[in-house]
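Okay, so here's the structure we're looking at.
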């Protein structure tokens, strides 16, 4: 099963492929959010702003942009969103969102220049992950001092439409 640790969206994968174009082609397409964690678990609560159900990543190598399609639940209803952002440095993209977001090895969320919290998304092409990828995800959480208890298997709550 193919899985994708969003924080490592391009960094790790680039080391295994010959070109960024090839990588972007392989990463573009349908994805589902499987797990999420945050140093601020409230942001991942049922009404939290980061409980996002990812559906698709599209990389436009020619224009150095990435588009992410996802759903958020608003008043219990699935509302579809799409954000597009530029390549900010080699193998790194960022998108505009409700907050001042910067993509690092995880999503560092800042407001008025102040650190608020980290959030990690773990997405895959299926509905679950293999043990090795899950251990990698847990390791990334430890690096960011995100307690394992804050992990949410978000796909369990995903009732939003898919193309399947």
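Residue numbers (UniProt numbering): 1 to 164.
We put the CB at the ideal spot given by N, CA and C, even for glycine.
Since the structure is predicted, the reported quantities are computational estimates derived from the model, not experimental observations.
Shown here, residue 133 sits in a helix according to DSSP, grouped into three states.
One alpha carbon belongs to residue 43, the other to residue 49, and they sit about 6 Å apart. According to DSSP, residue pairing for residue 66 in a beta bridge involves 59 and 85.
Within the model, the alpha-carbon separation for residue 58 versus residue 149 is close to 32 Å. When secondary structure is reduced to three states using DSSP, residue 146 falls in the coil class, being assigned neither helix nor strand. About 26 Å separates the beta carbon of residue 40 from that of residue 56, a gap too long to meet the 8 Å contact definition.
Comparing C-alpha distances from residue 29 to each of 60, 45 and 51 shows the shortest one belongs to 60.
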